[in-house]
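Enquirer: Numbering (this note's numbering), first residue to last: 3 to 689.
All residues carry an ideal CB built from backbone N, CA and C; glycine is no exception.
Note that the structure is a prediction, hence the values are computed from the model and not measured.
This structure is in structure tokens; I'll ask about it shortly.
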């Protein structure tokens, strides 16, 4: 378990410290000295008696008691060193050495041996193969930059040391401050989820950082990540993360619609949505989102753009509007007229509010005051102010600094003149502010933050479902895609309405089925997975002769074993899918059905079990949602019933991990009535 000795050690030893600051052990020691670590600092180096002015111990066995040990020695020496140190009471280790599981099987064995020793002594280990830890009282990293740490800064946990450095280099010029940086490396004992858990369990609303950033390459414990992210957000924190490695080059050939789309990346997407984590895809986006987090929280979607440059305002307007935020025209009022009188001739107070290249600090103050106090339709302000080189801008930036600290509505400063007024931007940042150098990046990040849902509420209890009956059906089912009979039995137990259908194997049975179901009918092939691809579906069949003709045609399709004759239903085509992902559970998908599932891939994802809130959010985030609301005379889809089906399916799948893929396509929605017309279910029992 991660402990306080890792973050707040009274004493530190650097094993493998060096006078050569181009070596990791030398640079790490120099960073500790340069940042004035106040505890007792010791070093171990058998080849010299003094390292960077500190008396050196010949071996770890001769050390006095110490809280934190940092190892910068060859991998093959680490196991013995940790064994001796742990026996002497060391409770926290950072192993920056490489040459472990990332390199060879032999290295992986050494890594396991280290962990076994640390576990035995109830100690904690970060690494190996990491850059170290930046904590409030010590800078135990062998890299730069070393940002000044602040209680107002962010806690940043990274699965990659080099990426952590690059993200800090992206953040510092924006004015983003750090509270801690933890590079977990190989995560041999503790990964990102464990560090997040520690930050949650030790959270102090007065002292702890309220912004958490994550760079993740592997999620080994999704439940733990979900639990502690939701807990931290409930305590007032905000979290953004990059999950790298989302592509699946050379992935398996898809065996169903759901199988084609439900990759581990959709599982990550679903997990982040459920947790309330803002997902980012690059360093600049992550640090921009973090800067947004450091401002007041936006409560509405109406933004005022305040600018002295037309072009950036246009680009920001486009970015915000494309993401669903609004740049409303200001309502006619006396306040608007008064503001116009304070600006130079030619200024615009429509929104964007353009006060020209010659606009000054007093005018900016008046505009911000009007947006804060008089324009009720405005929820936040974006201020674009660079410099064409005409006059000093320090007073403008002082005004902006003051307003950012006093206004209740969030203000996002876009300061693009990083050459013309470099020193003034540095002054603004040194006053504790953040700056956004690019308006489009801000616009895209702001829309992403705004649209990220709050953490989900608890999932709905499983009701109106015969769980015992479902379990019996699954237990009896053979591995593989299930026949129509099993699918009908499962849907009946789930309370999902399905079109009546009969499986037939000859013409006589086909005619008999026709008499029972009546016209119009649908005929579908049994055997091939993708029925449409092999022309195995016939619609609007209205005569016995057509039944015979289509029966013979379909039975001649390669792989056909029978024909399904079913009721013909009409309505808006919907899609629901579920895919079991190891460690994550079932990923739920929904979207438009029919061929649109594959052609448009317009689906949203959620992690089972879903709450009603999550299901509704999934539905409303479909890009083609307007079609569900009713389009050109079509009936609107009963959104509540669609969500109910999603919730029921997701709840039952908790008890049915044998179901690896479930694919309902289409569900036909005709007003309040939603009927499953076609479905596939793949069951795989564990051996």
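Would you kindly check if the distance between the Cβ of residue 441 and the Cβ of residue 318 is under 8 Å?
Expert: Numbered from 1 along the chain shown, position 316 holds the residue referred to as residue 318. Numbered from 1 along the chain shown, position 439 holds the residue referred to as residue 441. Result yes, Cβ atoms of residue 318 and residue 441 sit closer than 8 Å.
Enquirer: Please report the straight-line C-alpha distance between residue 543 and residue 502, rounded to a whole angstrom.
Expert: In the chain shown, the residue the question calls residue 543 occupies position 541. In the chain shown, the residue the question calls residue 502 occupies position 500. Distance between the alpha carbons of residue 543 and residue 502 is about 15 Å.
Enquirer: Under the rule that 16 or more other beta-carbon atoms within 10 Å means buried, what is residue 634, buried or exposed?
Expert: Sequence index remark: in the chain shown, residue 634 carries index 632 (1-based). Residue 634 is exposed by the Cβ-count criterion.
Enquirer: So is residue 574 buried or exposed if we call it buried at 16+ other beta carbons inside 10 Å?
Expert: Your numbering for residue 574 matches position 572 in the chain shown. It counts as buried.
Enquirer: Which value, in whole angstroms, describes the spacing of the CA atoms of residue 178 and residue 361?
Expert: Counted from its first residue, the chain shown places residue 178 at position 176. Counted from its first residue, the chain shown places residue 361 at position 359. When rounded, the distance between both Cα atoms is 28 Å.
Enquirer: Within its chain, find whatever has a CB closer than 6 Å to the CB of residue 1; leave out the 5 residues flanking it on each side and keep chain order.
Expert: Residue 1 lies beyond the stretch modelled for the chain, which goes from 3 to 689, so this question has no answer here.
Enquirer: Can you give me the Cβ contacts of residue 616 inside the same chain, cut-off strictly under 7 Å, excluding the 5 residues immediately before and after it?
Expert: Residue 616 sits at position 614 when you count from the first residue of the chain shown. Only residues of its own chain outside the window of five on either side were considered, and among them 276, 458, 608 have a CB closer than 7 Å to the CB of residue 616, listed in chain order.
Enquirer: Only counting runs of 4 or more residues, tell me where the alpha helix (DSSP H) segments fall wholly within the region 392-428, in order along the chain.
Expert: Runs of the alpha helix (DSSP H) inside the region 392-428: 396-408.
Enquirer: Taking Cβ positions, are residue 436 and residue 280 nearer each other than 8 Å?
Expert: For the purposes of this step, residue 436 is identified with residue 434 of the chain shown, where counting begins at 1. For the purposes of this step, residue 280 is identified with residue 278 of the chain shown, where counting begins at 1. No, the Cβ-Cβ distance between residue 436 and residue 280 is not below 8 Å.
Enquirer: Taking DSSP's pairing of strands, which residues face residue 309 in a bridge?
Expert: Taking the first residue of the chain shown as position 1, residue 309 is located at position 307. BP columns for residue 309 point to 356, 386.
Enquirer: From which residue to which residue does the alpha helix (DSSP H) around residue 153 run?
Expert: Reading the chain shown from its first residue, position 151 is the one you call residue 153. Counting along the chain, residue 153 falls outside any alpha helix (DSSP H), though it belongs to the beta strand (DSSP E) covering 151-160.
Enquirer: Residues bridged to residue 240 by DSSP?
Expert: On the chain shown, residue 240 is found 238 positions in, with the first residue counted as 1. DSSP lists 213 as partners of residue 240.
Enquirer: Can you tell me the Cα-Cα spacing of residue 638 and residue 672, whole angstroms?
Expert: On the chain shown, position 636 is the one that residue 638 refers to. On the chain shown, position 670 is the one that residue 672 refers to. Going from the Cα of residue 638 to the Cα of residue 672 covers about 8 Å.
Enquirer: If you follow the alpha helix (DSSP H) that residue 109 is in, where does it begin and where does it stop?
Expert: Here residue 109 refers to the residue found at position 107 when the chain shown is read from its first residue. 107-122 is the extent of the alpha helix (DSSP H) around residue 109.
Enquirer: Distance check for residue 555 and residue 514, CA to CA, integer angstroms please.
Expert: Translated into positions along the chain shown, residue 514 becomes position 512. Translated into positions along the chain shown, residue 555 becomes position 553. Spanning the two alpha carbons is a distance of roughly 18 Å.
Enquirer: Do you know whose CA, among 487, 511, 420, lies nearest residue 777's CA?
Expert: Limits of the chain in this structure are 3 at one end and 689 at the other, which puts residue 777 out of reach.
Enquirer: Whole angstroms is fine: what's the gap from residue 493's alpha carbon to residue 669's?
Expert: Numbered from 1 along the chain shown, position 491 holds the residue referred to as residue 493. Numbered from 1 along the chain shown, position 667 holds the residue referred to as residue 669. Each residue's alpha carbon lies about 13 Å from the other.
Enquirer: Taking 8 Å as the threshold (C-beta atoms), are residue 70 and residue 83 in contact?
Expert: Stepping through the chain shown from its first residue, residue 83 is reached at position 81. Stepping through the chain shown from its first residue, residue 70 is reached at position 68. No. Outside cutoff.
Enquirer: Quick one: residues in its chain with C-beta nearer than 7 Å to the C-beta of residue 52, no 5 flanking neighbours on either side, listed in chain order?
Expert: Looking up residue 52 in the chain shown gives position 50. Once the five neighbours on either side are set aside, the close Cβ partners of residue 52 are 58.
Enquirer: Secondary structure at residue 278, three-state DSSP: helix, strand or coil?
Expert: Taking the first residue of the chain shown as position 1, residue 278 is located at position 276. DSSP places residue 278 in the coil class of the three-state scheme, outside both helix and strand.
Enquirer: Ends of the alpha helix (DSSP H) at residue 477?
Expert: Working through the chain shown from its first residue, we reach residue 477 at position 475. Counting along the chain, the alpha helix (DSSP H) containing residue 477 begins and ends at 469-478.
Enquirer: May I ask you to list the residues that DSSP assigns as paired with residue 301?
Expert: In the chain shown, counting from the first residue as 1, residue 301 sits at position 299. DSSP, once it has assigned bridges, lists no residue as partnering residue 301.
Enquirer: Under 8 Å, with one C-beta from each stretch per pair, do the region 330-343 and the region 287-302 reach the 3-pair mark?
Expert: no
Enquirer: For residue 456, is the classification buried or exposed, using 16 other Cβ atoms within 10 angstroms of its Cβ as the cut-off for buried?
Expert: In the chain shown, counting from the first residue as 1, residue 456 sits at position 454. Residue 456 comes out exposed.
Enquirer: Who are residue 52's beta bridge partners in DSSP?
Expert: Here residue 52 refers to the residue found at position 50 of the chain shown. Paired residues: 57.
Enquirer: Evaluate residue 26 with the Cβ neighbour count: other Cβ atoms within 10 Å of its Cβ, from every protein chain shown; 16 or more gives buried, anything less gives exposed.
Expert: Working through the chain shown from its first residue, we reach residue 26 at position 24. So residue 26 counts as buried.
Enquirer: Starting from residue 574, follow its DSSP beta bridges and name the residues at the other end.
Expert: Position 572 of the chain shown, counting from 1, holds the residue named residue 574. Looking at the DSSP assignment, residue 574 forms a beta bridge with 671.
Enquirer: Use the C-beta contact count for residue 420: other C-beta atoms within 10 angstroms, 16 or more gives buried, fewer gives exposed.
Expert: What you label residue 420 is simply residue 418 of the chain shown in a count that begins at 1. Per the 10 Å Cβ criterion, exposed.
Enquirer: With 8 Å set as the bound, which would you pick, yes or no: does the beta-carbon of residue 67 sit closer than that to a beta-carbon of chain B?
Expert: The structure shown has no chain B; it contains just one protein chain.
Enquirer: At the level of alpha carbons, what is the spacing between residue 123 and residue 654?
Expert: Taking the chain shown and counting its residues from 1, the one referred to as residue 123 is at position 121. Taking the chain shown and counting its residues from 1, the one referred to as residue 654 is at position 652. Residue 123 and residue 654: Cα-Cα distance of roughly 42 Å.
Enquirer: Using the Cβ count rule (16 or more neighbours within 10 Å means buried), how would you classify residue 22?
Expert: The count along the chain shown starts at 1 and reaches residue 22 at position 20. Exposed, because fewer than 16 other Cβ atoms sit within 10 Å of the Cβ of residue 22.
Enquirer: Counting pairs of Cβ atoms below 8 Å between the region 221-228 and the region 152-166, do you hit three or more?
Expert: No contact exists between the region 221-228 and the region 152-166.
Enquirer: May I have the straight-line CA-CA distance separating residue 268 from residue 476, to the nearest angstrom?
Expert: In the chain shown, residue 268 corresponds to position 266, counting from 1. In the chain shown, residue 476 corresponds to position 474, counting from 1. Those two C-alpha atoms are separated by around 26 Å.
Enquirer: Rounded to a whole number of angstroms, what is the C-alpha to C-alpha distance between residue 640 and residue 666?
Expert: Locating residue 640 in the chain shown gives position 638, counting from the first residue. Locating residue 666 in the chain shown gives position 664, counting from the first residue. Taking the straight line joining both Cα atoms gives about 17 Å.
Enquirer: Closest to residue 92 by CA distance: which of 186, 119, 564, 76 is it?
Expert: Locating residue 92 in the chain shown gives position 90, where the first residue counts as 1. When only C-alpha atoms are compared, the closest one is 119.
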